[in-house]
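Down below is the structure, laid out as structure tokens.
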Amino acid sequence: MALMTDDCIFENTLPPPDGERHVGQTDVRRFWQEFFNGTPQARFETEEIVVAGDRATVRWRFDWGSSHVRGIDLFKVRNGKVAEKLSYVKG
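Sequential numbering from 13 applies to the sequence shown in my numbering.
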């Protein structure tokens, strides 16, 4: 969270079709704490990173034990910190 702005935005992949939107350090931190506490086998693997100015795209694979999904995150960076992280998943 030290690398995210105070007013950061995170859009999750669930529930379909648009996912949940979390705004601000407190809300985003709460989401990730609950997510990782509820998924102890969680593992993200970065497959590719593309950076263009204040934007970045990260292609990833998420494993949680018996299965996995693949997706991308679209980032917007402001003053060296993540201001926005929008997640999308295949399938």
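Using N, Cα and C, we set each Cβ at its ideal position, and we do this for glycine too.
Computed from a predicted structure; not experimentally measured.
The residue from S78, K93, K102 with its alpha-carbon nearest to that of T51 is S78. For C20 against V81, the beta-carbon gap comes to about 23 Å, at or over 8 Å, which does not count as contact.
Short of 6 Å from the beta carbon of I61, and not among the five residues preceding or following it, lie these beta carbons of its own chain, in chain order: V70.
Between F43 and R67, the alpha-carbon positions lie close to 23 Å from each other.
Here the alpha carbon of T17 sits roughly 25 Å from the alpha carbon of E59. Linking N91 to V35 through their CA atoms gives a straight-line distance of about 18 Å. In the DSSP assignment, T69 falls within the unbroken beta strand (DSSP E) covering 67 to 75. Excluding sequence positions up to five before and after D75, its CB lies within less than 6 Å of the CB of R55, all in the same chain and listed in chain order. D30 sits exposed, since fewer than 16 C-beta atoms from the chains shown fall within 10 Å of its C-beta.
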